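One line per chain: the protein sequences are A and B, in this order.
Residue 963 in my numbering is what sits at position 8 of the first sequence, and the numbering runs on without skipping anything.
Residue 127 in my numbering is what sits at position 124 of the second sequence, and the numbering runs on without skipping anything.
Think of the CB as a built atom: it goes at the ideal place given N, C-alpha and C, for glycine as much as any other residue.
Here the structure is a predicted model, which means the values were calculated and not measured.
In what follows, a single structure is set out as structure tokens and then discussed.
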Amino acid sequence: MFDFGILFPSVLNGLTTGAVYALIALGLTLIYGVLHIINFAHGASLMLALYGVYFLKERLGIDPYLALPIAMAGMFALGYGLQRIVINRAGHGKDENILLATLGISIVMENLALIFFKSDTRNIDTAYSLSTVAIGPAMIAVPKLVSFAGALVVSALLFWIMSRTDLGRAIRAVAKEKEGAKLMGIDVEHVYAMSFGIGLACLGAAACFLLPAYYVNPQVGGGFVLVAFTIVVLGGMGSFVGALVGGFLVGVVESLGGLYLGESLGQIGIFVIFIGVVLFRPEGMFGARA
Amino acid sequence: MNGATSSSGERQLALIVLFVALVACVPFATASGATLNFVMMALYATLIAQSWNILGGFGGQFSFGHALFFGTGAYVQAIAQMQGGVNAWLALPLAIAAAALVGLFVGALSFRYGLKGSYFALVTLAFAEVFRIVALSVPFTGGGVGLMVPLRESAANLQFASRSGYLWVVLAFVTAALLVTWWLRNGRFGAWLQAVRDNEDAARAVGVNPFRVKLAAIGLSGAFMGAAGAFYVQVFQYIDPGIAYGGSTSVEALVAAIVGGMGTLWGPVLGAIVLHVLSDFTRNLFGELPGINMVIYGAVLVLIVIFLPRGIAGIGLSVRQLWAAKGGRHD
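Below, the structure is given as structure tokens:
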């Protein structure tokens, strides 16, 4: 049962999936860390990004990996606009209102996709979709390896933006002390919208890495929502390192759960982790208790 | 909101009696299947909205996974009949009790550990997902194929030839839900519940036990949702994991309650009717387009949260307060 030849590929597979999960969770945790809101539309936004990448490939023949800047820019614009036009008006001082507004947005997105793209599951064909490389006893699909490396590069880029640029400094200032940042002349509304935009841009990148080895349909986001929340809560709300570690952890748990419990029952592992963490350790692995 | 005098309480009670009497007479006024169906579905939507309102509106605990209780009621109703040979009328209290128990279980876990706000919402959603996956995987639910309750049309089996029978059954549940809501607005328990919603620490300081109050609320809420699930199975004679534990029932319950006005007696009724009129209208406009209903629900939810956070019932209630809130928003 614990045969290395079976276990190793499964763990490796989990790590590659986990890298993309981490990227998705980074976007969510950035939005939470700065705006202190939970973006329930995160999964639905990822679904839109996947459709975007899909149509870029099918209609314009743009390879998903080359579509990376387009997808990231498009998702950034969507996030910036959503925050400026809809979400910042919905709060009225209560977190629950934002959650409800983003729930409403996700319902609209998912069902518009259902109307326009039908419920068919679609995937793309690339020259490298089915090629694999051997790592020890494991055969890993090339798109999964690329997604692993790509997710790490984009995450590193995000770390760099946050720690080294003026924008990153402004974002961190607003996250820590909104009023103080405002007094220093920082345009808080702009920083909020930038953070939301960057959070969704992570999804644009994730979509480019996911699609060659994955699929898209209108419901695809739903599965990612709870996975991303699980990671973010596990890692500690707002913690970047936590999101990375949590992403890998959840990827591996999902992979091993699928191996030992079967595909459908294996998913339960994630939800059980989520419920357990929220109940017993809501500050996560790397967060401080509020 | 707690300042309702006993005379206004009596007036509300009279209004409930009038509403129920009027709706009960609808089958005598029309034989149109479409009209009866519309009224029945609006009542069903009212029932799930009132259920959500008990916990979300009065208790301030926003559930994103109310399908958890709906699905449990539906499955117990179907399984008790099909595998237990229980009469449908007798299965009904079982379904309601099972849903209430699931509510108590989730509530005991969540409230014991002090879950609030967004965390509570997400945990209820996660529980609903766990139940959906379990329902897909275990044999006695029929897995993904679902359960088809055999057709045995007779009032003794809670299966009616016309919509009128179903209409009266769901009206009975709605009446019970309205009476419970009336009691929440006028009785001591409701005052405790709203006190916990508005300020838990203050409520505790005056001797209210927030854990027990919230637990009772989620049990009550679950019971009504379970009744709605059982009713669904009797009407459509089919249930599968997606219908039972999927997101759309949870969404319908919370949108109707929020659109109408949380924590009010007539808000959920209003919300359910408005949403059903809207869906009928869009159906006439666009035809049977899968998903269009939910687009409307989602858009209405966003618009209400932005422009009318107190729902439709809040318009007449506090135009002045609304203006004040608008002025003070840019803090």
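Alpha carbon to alpha carbon, what distance is there between residue j and residue i?
i, j, result
"A103 (chain B)", "I242 (chain B)", "19 Å"
"I1040 (chain A)", "Q240 (chain B)", "44 Å"
"M1094 (chain A)", "Y976 (chain A)", "21 Å"
"W185 (chain B)", "G1135 (chain A)", "47 Å"
"I992 (chain A)", "L21 (chain B)", "44 Å"
"A1168 (chain A)", "S1074 (chain A)", "19 Å"
"G117 (chain B)", "G1007 (chain A)", "41 Å"
"V199 (chain B)", "Q15 (chain B)", "24 Å"
"P1098 (chain A)", "S1084 (chain A)", "6 Å"
"A1245 (chain A)", "M1192 (chain A)", "Residue placement at A1245 (chain A) cannot be trusted, given a pLDDT of 38 that sits under 50; the coordinates are not used to answer."
"L1013 (chain A)", "Y1020 (chain A)", "One detail in the question is off: residue 1013 (chain A) reads as Glu in this sequence, not Leu. C-alpha separation (whole angstroms): 14 Å."
"G1177 (chain A)", "A124 (chain B)", "15 Å"
"V272 (chain B)", "A1004 (chain A)", "38 Å"
"V1175 (chain A)", "H997 (chain A)", "11 Å"
"L962 (chain A)", "V109 (chain B)", "35 Å"
"E13 (chain B)", "T178 (chain B)", "16 Å"
"L174 (chain B)", "G120 (chain B)", "32 Å"
"L1015 (chain A)", "L1033 (chain A)", "21 Å"
"S143 (chain B)", "A1096 (chain A)", "Correcting the residue identity first, residue 143 (chain B) is Phe in this sequence and not Ser. F143 (chain B) and A1096 (chain A): Cα-Cα distance of roughly 38 Å."
"G1046 (chain A)", "F995 (chain A)", "14 Å"
"G960 (chain A)", "A980 (chain A)", "30 Å"
"A111 (chain B)", "V105 (chain B)", "10 Å"
"F134 (chain B)", "L1211 (chain A)", "21 Å"
"P244 (chain B)", "F130 (chain B)", "13 Å"
"F1257 (chain A)", "F31 (chain B)", "This structure cannot settle anything about residue 1257 (chain A), because the visible part of chain A is limited to 956 through 1245."
"A302 (chain B)", "L1058 (chain A)", "10 Å"
"T971 (chain A)", "A256 (chain B)", "38 Å"
"Y987 (chain A)", "Y78 (chain B)", "37 Å"
For the alpha helix (DSSP H) that residue i lies in, which residues bound it at each end?
i, result
"M297 (chain B)", "295-310"
"C1163 (chain A)", "1143-1165"
"G1048 (chain A)", "Counting along the chain, G1048 (chain A) falls outside any alpha helix (DSSP H), and DSSP gives it neither H nor E."
"Y1035 (chain A)", "1023-1040"
"V148 (chain B)", "Premise fails: V148 (chain B) is in no alpha helix (DSSP H) and is neither H nor E."
"F41 (chain B)", "36-55"
"K119 (chain B)", "Where K119 (chain B) is concerned, there is no enclosing alpha helix (DSSP H), given that its DSSP letter is neither H nor E."
"Y1215 (chain A)", "1195-1216"
"V1232 (chain A)", "1223-1235"
"F1010 (chain A)", "997-1015"
"P30 (chain B)", "29-32"
"G969 (chain A)", "959-990"
"I1186 (chain A)", "1175-1190"
Residue i: which of the options sits nearest, CA to CA?
i, options, result
"G149 (chain B)", "B:F176, B:G168, B:S140, B:F72", "B:S140"
"N90 (chain B)", "B:L39, B:A158, B:S35, B:A70", "B:A158"
"I1228 (chain A)", "A:I1116, A:Y1215, A:E1209", "A:E1209"
"L1001 (chain A)", "A:S1061, A:A1104, A:A1106, A:L1112", "A:S1061"
"L336 (chain B)", "B:T49, B:T38, B:M43", "Given that chain B is displayed from residue 4 to residue 334, the structure contains no residue 336 (chain B) and the question cannot be resolved."
"G266 (chain B)", "B:G294, B:V183, B:A164, B:V238", "B:V183"
"S165 (chain B)", "B:A32, B:A175, B:F227, B:V238", "B:V238"
"F61 (chain B)", "B:T38, B:A302, B:G193", "B:G193"
"F1151 (chain A)", "A:L1067, A:N1066, A:G1123, A:L1214", "A:G1123"
"N1066 (chain A)", "A:A999, A:N968, A:L1211", "A:A999"
"R191 (chain B)", "B:V216, B:H279, B:S11, B:E156", "B:V216"
"P96 (chain B)", "B:G274, B:A233, B:K119", "B:A233"
"G146 (chain B)", "B:I51, B:V137, B:Y122", "B:V137"
"L1037 (chain A)", "A:L1155, A:Q1174, A:V1200, A:V1188", "A:L1155"
"A1238 (chain A)", "A:G1201, A:L1204, A:V1188, A:I1230", "A small correction: the amino acid at residue 1238 (chain A) is Glu; Ala does not occupy that position in the sequence shown. Ranking A:G1201, A:L1204, A:V1188, A:I1230 by Cα distance to E1238 (chain A) puts A:V1188 first."
"Q64 (chain B)", "B:C28, B:Q162, B:A220", "B:A220"
"V1088 (chain A)", "A:P964, A:Q1222, A:D958", "A:P964"
"Y1147 (chain A)", "A:T984, A:N1043, A:N968", "A:N1043"
"V23 (chain B)", "B:G301, B:V172, B:W195, B:D283", "B:V172"
Only counting the same chain, and skipping five residues up and downstream in sequence, which positions put a Cβ closer than 8 Å to that of residue i?
i, result
"F214 (chain B)", "F114, R115"
"A1160 (chain A)", "L978, L1023, A1026, M1027, G1105, A1106, V1109"
"M44 (chain B)", "H279"
"D1018 (chain A)", "K1012, T1081"
"T1185 (chain A)", "G1201, V1205, I1225, F1226, I1228, F1229, V1232"
Take residue i and list the residues in its own chain whose beta-carbon comes closer than 7 Å to its own, dropping the five residues that flank it on each side.
i, result
"I307 (chain B)", "I261, V262, G314"
"Q84 (chain B)", "A91, A94, V152"
Can you pull the chain E neighbours of residue i, defined as C-beta to C-beta under 9 Å?
i, result
"R1039 (chain A)", "This model lacks chain E altogether, as its protein chains are A and B."
Output needed for residue i: all residues of its chain with C-beta closer than 6 Å, excluding positions within five of it in sequence on either side, in chain order.
i, result
"I99 (chain B)", "A226, G229, A230"
"A278 (chain B)", "Rather than Ala, the amino acid found at residue 278 (chain B) in this sequence is Leu. Closer than 6 Å at Cβ, skipping near neighbours: A259."
"N968 (chain A)", "S1210"
"I299 (chain B)", "L281, T285"
Please go through the stretch 1053-1129 of chain A and give each complete alpha helix (DSSP H) segment of 4 or more residues, from N-terminal end onward. 1097-1119
Could you pull out every unbroken alpha helix (DSSP H) segment of at least 4 residues lying fully inside the stretch 66-97 of chain B, listed in chain order? 70-85
Could you give the uninterrupted runs of the alpha helix (DSSP H) lying entirely in the stretch 181-205 of chain B, keeping only those of 4 residues or more? 191-201
Unbroken alpha helix (DSSP H) runs of length 4 or more, entirely within the stretch 197-275 of chain B: which are they? 203-208, 213-239, 244-248, 250-263
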